[in-house]
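**Q**
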Amino acid sequence: MKTLYLLRHGKAEAGSSGSDADRQLSAKGEKQTRLVSTWIENGNHVPRKIISSHASRAYTTAAILAQQLNIPLEEIDIQKAVYHGDALILKELIEYTDDTIEVLLIVGHNPAISDLANFFFQPTIDGLPTAGLAMLTFEMNSWRSIDRKRVQSAVVYFPKMLK
Numbered sequence: 025m026k027t028l029y030l031l032r033h034g035k036a037e038a039g040s041s042g043s044d045a046d047r048q049l050s051a052k053g054e055k056q057t058r059l060v061s062t063w064i065e066n067g068n069h070v071p072r073k074i075i076s077s078h079a080s081r082a083y084t085t086a087a088i089l090a091q092q093l094n095i096p097l098e099e100i101d102i103q104k105a106v107y108h109g110d111a112l113i114l115k116e117l118i119e120y121t122d123d124t125i126e127v128l129l130i131v132g133h134n135p136a137i138s139d140l141a142n143f144f145f146q147p148t149i150d151g152l153p154t155a156g157l158a159m160l161t162f163e164m165n166s167w168r169s170i171d172r173k174r175v176q177s178a179v180v181y182f183p184k185m186l187k
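Counting from 25, one number per residue, gives the positions in the sequence shown under our numbering.
Rendered as structure tokens:
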């Protein structure tokens, strides 16, 4: 059995004259992320690997999670493809995950992160808000086998549900 978390980054500061990738996590985003990480920490499926976009708001979200879940920061796998890619690219990243990893968490952006969630969810969801979390469990032993037919459970959590 494998567990996959799909997390949209926490709320970011409004856009500025810099690049979109440089937008920082806001105070609200930090609070949202701490709620999510506490919820994950108290559950039975704590990730052993985090894949994150290189964008500041996503990496900061991943770093908060890693610190709270006792995952060394250098273990965060930063992938530009999470920022630039679509749902298919994210699925390919998952497929290349080492099979010794039972629980994987991806911190990404809309629309790709919500599109990937909707690839697995039936019925589909409207989209993940900031710090929205999809938790999926799969009946499989290898990440290369990931497919909607193997979904055992699929649940979505919004930050306001975790308070």
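Where is the CB? At the ideal position from N, CA and C, for every residue including glycine.
Identify whether Ala-79 lies in helix, strand or coil by the three-state DSSP scheme.
**A** When secondary structure is reduced to three states using DSSP, Ala-79 falls in the coil class, being assigned neither helix nor strand.
**Q** Taking Asp-122 as the reference, which of Ile-137, Leu-157, Ser-166 has the closest Cα?
**A** Ser-166
**Q** Use the C-beta contact count for Val-180: other C-beta atoms within 10 angstroms, 16 or more gives buried, fewer gives exposed.
**A** buried
**Q** From which residue to which residue does the beta strand (DSSP E) around Ser-177 run?
**A** 175 to 181
**Q** Just to confirm my understanding: we take Glu-65, look at its own chain, exclude 5 residues before and 5 after, and list those with CB closer than 7 angstroms. What are they?
**A** Gln-92, Leu-93
**Q** Out of curiosity, what's the CA-to-CA distance linking Ile-130 and Ala-155?
**A** Each residue's alpha carbon lies about 12 angstroms from the other.
**Q** DSSP three-state label for Ala-155, please.
**A** coil
**Q** If we require 4 or more residues per run, which alpha helix (DSSP H) segments fall completely within the segment 109 to 162?
**A** If only complete runs of 4 or more residues are kept, the segment 109 to 162 shows the alpha helix (DSSP H) at 111 to 119, 136 to 144, in order along the chain.
**Q** Checking 7 angstroms against the spacing of the C-beta atoms, do Ile-102 and Ala-90 come in under that value?
**A** no
**Q** How should Gln-56 be labelled, buried or exposed, when 16 other C-beta atoms within 10 angstroms of its C-beta is the threshold for buried?
**A** buried
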